[in-house]
Amino acid sequence: MNSPLIRLIDFFSALFGLIVGAPILIVVCVLGLFDTGSPIFIQERVGKNKKLFKLIKFRTMSLSTESVGTHLVNSSSITKLGSFLRKTKLDELPQLINVLKGEMSLVGPRPCLFSQDELIFARDVLGVFNVRPGITGLAQVNEIDMSTPDLLARVDSEMVAGFSIGMYFSLIFKTISGSGSGDRIKN
Numbered sequence: 205m206n207s208p209l210i211r212l213i214d215f216f217s218a219l220f221g222l223i224v225g226a227p228i229l230i231v232v233c234v235l236g237l238f239d240t241g242s243p244i245f246i247q248e249r250v251g252k253n254k255k256l257f258k259l260i261k262f263r264t265m266s267l268s269t270e271s272v273g274t275h276l277v278n279s280s281s282i283t284k285l286g287s288f289l290r291k292t293k294l295d296e297l298p299q300l301i302n303v304l305k306g307e308m309s310l311v312g313p314r315p316c317l318f319s320q321d322e323l324i325f326a327r328d329v330l331g332v333f334n335v336r337p338g339i340t341g342l343a344q345v346n347e348i349d350m351s352t353p354d355l356l357a358r359v360d361s362e363m364v365a366g367f368s369i370g371m372y373f374s375l376i377f378k379t380i381s382g383s384g385s386g387d388r389i390k391n
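Last residue of the sequence shown: 391 in our numbering, with the numbers rising by one and none dropped.
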């Protein structure tokens, strides 16, 4: 996961994705201005070696939504545009900027909030913070989210330990083809 080859693939894939996806980025930003008035969502997350970084996403929830794990947020907080962005996974597109900057990879453990102590502890014990977090990963395609921190940390650790270039492309393909529905939302 920390190989120069993966970093090179990440960099050029993110650059290509941002260039090709520029029209989508612009359209979603304009629609987001009408939806919430603030289309971009930036939040501090825990990255490689537990270093904090600013994750960039499209806003999918109302501005008044508390900054907690998605599994703790009420479904009424998600906007109509946000619901579409989450279903299509387009809300993740701006994270290509984080990949370009080297803060994230396309594949890796999803970055958690600095307030998710149980998950941080479990990941720290298992060495999950030794790699860059990712836009997608093994847990995501298997619909394991941050509501089960010990299980999530174990699956992340398994992914890190068994990582290969084949797994990298397989997880990207599974994500693009619709595997995993994202973090659960409280009803």
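Positions of the beta carbon are idealized from the N, C-alpha and C atoms, including for glycine.
- ASP321 and LYS255 have their alpha carbons spaced roughly 14 Å apart.
- Of the other Cβ atoms in all chains shown, fewer than 16 fall within 10 Å of the Cβ of PHE220; this residue is therefore exposed.
- When secondary structure is reduced to three states using DSSP, LEU310 falls in the strand class.
- Put simply, the backbone Cα of LEU342 is about 7 Å away from that of ASP360.
- By the 16-neighbour rule on beta-carbons within 10 angstroms, PRO227 is exposed.
- Straight-line spacing of the CA atoms in SER207 and PRO298 works out to 23 Å.
- For GLU248, the enclosing beta strand (DSSP E) begins and ends at 244 to 250.
- In the same chain as ILE376, and ignoring 5 residues on each side of it, the C-beta atoms closer than 8 Å to its own belong to LEU310, VAL311 and THR340, in chain order.
- In the DSSP assignment, CYS316 is bridged to VAL250.
- Listed as beta-bridge partners of LYS258 by DSSP are GLU248.
- A direct Cα-to-Cα measurement between ARG263 and ILE244 gives close to 5 Å.
- Between the segment 364 to 383 and the segment 344 to 354 there are three or more inter-stretch CB-CB distances shorter than 8 Å, so the stretches are counted as touching.
- Distance from PRO353 to VAL250 at the Cβ level is roughly 13 Å; contact not present, criterion being Cβ atoms closer than 8 Å.
- LEU356 and MET350 have their alpha carbons spaced roughly 7 Å apart.
- Sequence-distant partners of ALA218 (beyond 5 residues in either direction) whose C-beta falls short of 6 Å from its own C-beta, in its chain, are LEU300, VAL303 and LEU304.
- For the pair LEU285 and THR240, the CB atoms are nearer than the 9 Å cut-off.
- With respect to the 9 Å criterion, LEU237 and LEU229 are not classified as neighbours on the basis of their beta carbons.
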